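Student: Could you have a look at this structure, given as structure tokens, before my questions?
Right, here's the structure in full:
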């Protein structure tokens, strides 16, 4: 079985400062990991994914995440926050070799202050 | 590419009526579609997995007779909430996975259901 823990339910940053959203995973197999973003009353948009290739994954809108097996982490970062980044972010895991179901973290609400 | 649509985007209905939500993959063929439910300020909970041409697989605790899922074609899946009650009010989101890409689910914009 796999699980995902998003360590912060809320993160608040000032515009132009770095963003760090933390995610730890647990999986019996080599996992695939994803970050999705959800704006209010909208569906989910894929930011980036890790599928056992390069451990540093670059996504859309300047986001990136690094897969660290030793720490079982997949933290999401962005060098400089923009007001439009304010949204809910979900870290998601899928165990390889299993059914194609995803396990979602509880989400992190990112607030960007002017 | 990889666009998924849902219709309607929101619906209000009376208690006891049935509501059908459509999920379409617009530019790819989806062998598998997933239906999720999301309560306010909470994460997504998988309700069921449907493969084209076969019966849906429901997660534990999800009533299959209440939430009817049909996946009749490679581009369309429907979720019907039968005899809706106020506690069924929620945000329903579908996702689709294509034949060539078994790694990524593409999500629809969601359907907000309010049962009065």
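Protein chains in written order, with the numbering used here: chain C, 6 to 119; chain R, 34 to 149. The beta carbon of each residue, even a glycine, is placed where N, CA and C say it ideally should be. Keep in mind the model is a prediction, meaning the values are calculated, not measured.
(1) Give, in chain order, every residue of the region 28-60 of chain C whose Cβ lies closer than 9 Å to some Cβ of chain R.
(2) Beta-carbon within less than 6 Å of residue 72 of chain C's beta-carbon, same chain only, minus the 5 sequence neighbours each way: which residues are those?
(3) Closest to residue 15 of chain C by C-alpha separation, out of C/24, C/65, C/119, would be which residue?
(4) Following a CB-centred definition, is residue 117 of chain C positioned closer than 7 Å to any heavy atom of the ligand HEM?
(5) So, helix, strand or coil for residue 85 of chain R, using DSSP?
(6) By the DSSP assignment, the beta strand (DSSP E) with residue 131 of chain R in it spans what residues?
(7) Report yes or no: do three or more beta-carbon pairs, one from the region 80-89 of chain R and one from the region 138-147 of chain R, lie closer than 8 Å?
(8) Using the beta-carbon count (16 or more within 10 Å), is residue 34 of chain C buried or exposed?
(9) Would you tell me roughly how many angstroms separate the C-alpha atoms of residue 113 of chain R and residue 100 of chain R, rounded to the nearest one?
(10) Quick check on the DSSP output: the beta strand (DSSP E) that includes residue 61 of chain R runs from which residue to which?
(11) Is it the case that the region 47-57 of chain R contacts the region 104-119 of chain R, given that we only count it when at least three CB pairs across the two stretches are under 8 Å?
(12) Runs of 3 residues minimum, wholly inside the region 13-94 of chain C: which ones carry the beta strand (DSSP E) assignment?
(13) Would you please state the rounded distance, in angstroms, between the beta carbons of residue 70 of chain R and residue 123 of chain R? I believe it to be under 8 Å.
(14) Any C-beta of chain C within less than 7 Å: which residues of the region 77-107 of chain R qualify?
(15) Using only alpha-carbon positions, find the residue among C/99, C/17, C/116 that is nearest to residue 37 of chain C.
(16) I think residue 81 of chain C touches residue 70 of chain C, with their Cβ atoms under 8 Å apart; what is that distance to the nearest whole Å?
(17) In terms of residues, what are the limits of the beta strand (DSSP E) holding residue 40 of chain R?
(18) Going by Cα to Cα distance, which pick from R/102, R/42, R/50 is closest to residue 116 of chain R?
(19) What residues in its chain sit with their C-beta under 6 Å from that of residue 44 of chain C, if we drop five residues either side in the sequence?
(20) Do residue 18 of chain C and residue 110 of chain C have their beta-carbon atoms positioned less than 8 Å apart in this structure?
Tutor: Let's see:
(1) Going along the region 28-60 of chain C in chain order, one finds 37, 39, 41, 43, 46, 47, 48, 49, 50, 51, 54, 56 with a Cβ nearer than 9 Å to chain R.
(2) If we look at residue 72 of chain C and ignore the five residues flanking it on each side, its Cβ neighbours are 55, 60, 79.
(3) The option with the nearest alpha carbon to residue 15 of chain C is C/24.
(4) Annotation note on the ligand HEM: not contained in the displayed structure, which lists no ligands.
(5) The answer is coil: DSSP assigns residue 85 of chain R none of H, G, I, E or B.
(6) Residue 131 of chain R -> beta strand (DSSP E) spans 123-131.
(7) Contact fails: fewer than three Cβ-Cβ distances are below 8 Å.
(8) Per the 10 Å Cβ criterion, exposed.
(9) As the crow flies, the alpha-carbon of residue 113 of chain R is around 6 Å from that of residue 100 of chain R.
(10) Secondary structure note for residue 61 of chain R: it is in no beta strand (DSSP E), with a DSSP letter that is neither H nor E.
(11) In short, these stretches touch, since the Cβ pair count reaches three.
(12) Residue ranges of uninterrupted beta strand (DSSP E) with 3 or more members, entirely inside the region 13-94 of chain C and ordered along the chain, are 15-19, 24-26, 28-31, 36-43, 49-55, 61-63, 69-73, 78-83.
(13) Indeed they touch by this definition, with Cβ atoms about 5 Å apart.
(14) Residues passing the 7 Å Cβ filter: 77, 79, 82.
(15) Nearest option by C-alpha distance: C/99.
(16) Yes, residue 81 of chain C and residue 70 of chain C are in contact; Cβ-Cβ is about 5 Å, under 8 Å.
(17) Note, residue 40 of chain R: beta strand (DSSP E), 37-40.
(18) Minimum Cα distance to residue 116 of chain R is reached at R/50.
(19) So the list reads 92, once near-sequence residues are dropped.
(20) Taking C-beta atoms as the reference points, residue 110 of chain C and residue 18 of chain C fail to come closer than 8 Å.
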